[in-house]
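In my numbering, the protein residues as written are 34 to 853.
For reference, the structure is listed below as structure tokens.
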């Protein structure tokens, strides 16, 4: 179903994107690809494993409707359909999670494999699967048989990227689906990257300055006690292999993990709804690339009806609607893993680590790596009481010779019922059922929102350690038991809310648990502007489908108003004016123009706005003026770690712009005099115009944000599939179009990979869109055909009433029949 006309608020050039994919080929290669790898959309296919006939219909964008007379046959068919649409993605995600990508991609993937073997997602996946109910295990087994039915039928006709690689695809196991879930969970652990980045920064920066680079949230104290944990350590000489670990982790992130990188979800209660019924909206953010990790499916079976967003490889709907209840999710920013520094010593062939004054032998786990085109490699991975040593991921010699190691501790999932809980959530018949199911989700940290026609609710899911001391924001000394975990926070302490008086609930990765709250949910939050804009829009007037769409496409940033308030605050204008007057004459003119235009900027980041371009250039240049003298050059590991951390959580650039007048970073160490905040701001204003002239020319009114900021669909080979297309917004807008602040590159990095809206007041409540396409196979017509709808604000309908099914899915269908 197309949305209502949206031209009054959509950016002129649209808002489109995609994500760096685990697979794919460029558009220019499509003509050379065979369609043999594609499952037909009509006719009859006999399959072993089915009990009765099943119908599969497709809508105009290839989304399947599975109609079955039994739930087991529907699950079998879901496995078959997922494999037909996304087998390359499934195979690559499984190999990544297993630490076996080098078998497909060769030696270039070996460091990634070493890291993933060290992290050992298989251990968590095995615990999850063992803890699942017999019912759930049966579901996974039936689903796996469906995947294998495709692999058997199309064994000689697999997509070109798999066939040309010469990789012999193994059959799917039920446990593989739990492994994909563990990969999804791992992808939400942004604090792991932050902790490693902190160690990179600590090799350049004194520990008493580190906290200024990692602020927790606006107007909150800096984490100085966390930084003090690193006092007295000579990380540059004692810690070997850190750069290898961080680079391997970067490569993992580039492989487009399935997950919830940031995201937004909100629910509107009946009292704020124009039609008196609840509404729920969700958009899940992910790195730009193709295909999106998400695809949609709808199932109609006698005791199960649901539609929603799925990840191929898992028979689970993570956001969706079942006719009675809707649910969606965003990242809770939960910090439920910690890096521990371990003191190491080598004795003969053994490795020991220090624990509370005693040297204990590290556990050894031997792993064999099969590398395409090479002989197998056998290596040892070491573990301490806290977990695996990540710096053994860059070779055993490094781990043995280093006097410090990096151990990663993650939660234990024994007895965890998360996999069951997601299934129970998808069949909840009211908000109370949804609440009960959401409280059982422990193996992933989410802001889970749910609604029925009359009620709305929010539940933080996950499992969070009780730390004896410290916040877990920086790595902790593993030899000191003061920083160890002491069990997990009681699930009853997890934040939640139901039917609040304000009439709405919403999350956009903001701080959801105040400092000093009864449990340590996190100390890594994203900037608050998206959540503040959400509150501004959701809390005003009555809401309906049209206003929900407008919110999902909103490109207004509230940070611009905060920036203007700082520039106009008591005590700032006179010294800033004086600092501008002290600049060279040409720079004075530039600085005054930039200041005047910033003060007139309305905060609307449309792609055609010249003031939006100037505003974003100012953010970029001010970051360099404040920090580059101490953390540069731009090619250094310390600068790269700094800008990466600024993208992962609340930015030190934003924090300094709005406050921190006493920060040591205001002084430029390259000059003999001591600078202050007004002096650096004056330089930043002048540098803004200089940068704009270089990038867009001297006609400042002809500048456009979309000339700098664009969407570009690329596959893993770096080939362009679509774009560039001018983009509006940034990391602080509800219509997220983040870029890497401080990188000299405004290309969009993170976008809403999917969007969904459920309006219980409509005859057919659910509508949704995908940012790329249903299929990961470049030979498919549905490889990238969702992009235009995403650009234009058009949504697909997911009908629950039988009378509306033909209108959306047509009458053409593929019939799967039991093979005799």
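Ideal placement from N, C-alpha and C gives every residue a C-beta, glycine not left out.
When only Cα atoms are considered, residue 550 and residue 522 end up about 11 Å apart. Residue 616 and residue 492 have their C-alpha atoms spaced approximately 53 Å apart. Cβ contact annotation for residue 185 (same chain, cutoff 6 Å, sequence separation greater than five): none. Beta-bridge partners of residue 77 (DSSP): 848. If you draw a straight line from the Cα of residue 353 to the Cα of residue 693, it comes to about 43 Å.
Assignment of residue 648 by DSSP, reduced to helix, strand and coil, places it in the helix class. Cα atoms of residue 713 and residue 624: separation of roughly 11 Å, rounded to the nearest angstrom.
When the five nearest sequence neighbours on each side are left out, the beta carbons in the same chain lying within less than 7 Å of the beta carbon of residue 843 are those of 90, in order along the chain.
Bounds of the alpha helix (DSSP H) holding residue 673 are 670 to 681.
When only Cα atoms are considered, residue 279 and residue 336 end up about 47 Å apart. The alpha helix (DSSP H) runs lying completely inside the stretch 171 to 241 and spanning 4 residues or more are 193 to 198, 207 to 219, 223 to 235, given in chain order. Counting only the Cα atoms, residue 471 lies some 12 Å from residue 351. By the 16-neighbour rule on beta-carbons within 10 angstroms, residue 525 is exposed.
Here residue 762 is not near residue 746, since their CB atoms are 8 Å or more apart. Segment contact: the stretch 811 to 830 against the stretch 781 to 801, three or more CB-CB distances shorter than 8 Å; contact assigned.
Taking the CA atoms as reference points, residue 604 sits about 13 Å from residue 709. Bridge pairing for residue 394: 385 [DSSP]. Distance check between residue 363 and each of 414, 297, 425 places 297 closest, using alpha-carbon atoms only. If you draw a straight line from the Cα of residue 387 to the Cα of residue 395, it comes to about 10 Å. By DSSP's assignment, residue 319 forms a beta bridge with 784.
Secondary structure at residue 447: coil, using DSSP grouped into helix, strand and coil. The continuous alpha helix (DSSP H) containing residue 151 extends over residues 143 to 152. Excluding its 5 nearest sequence neighbours in each direction, residue 264 has C-beta neighbours in its own chain below 8 Å: 240, listed in chain order.
Pairwise C-beta distances place the stretch 404 to 419 out of contact with the stretch 536 to 551, as fewer than three of them are shorter than 8 Å.
Taking C-beta separations shorter than 7 Å and ignoring five residues to either side along the sequence, the partners of residue 234 in its chain run 243, 246, 671, 674, 675, following chain order. DSSP places residue 101 inside the beta strand (DSSP E), whose first and last residues are 97 to 101.
The alpha-carbon of residue 832 is positioned some 53 Å away from that of residue 411. Close CB contacts of residue 223 within its chain, under the 6 Å cut and outside five residues either way in sequence, are with 681 (chain order). Take residue 206, set aside five residues on each side of it, and the residues of its chain with a beta-carbon closer than 8 Å to its own are 177, in chain order. Residue pairing for residue 402: DSSP places it in a beta bridge opposite 410.
Under DSSP, residue 379 forms a beta bridge with 384.
In the three-state reduction of the DSSP assignment, residue 491 falls in the strand class.
With respect to the C-alpha of residue 338, the residue from 118, 834, 598 having the closest C-alpha is 834.
Counting every other CB atom within 10 Å of its CB across the protein chains shown gives residue 408 a total below 16, marking it as exposed.
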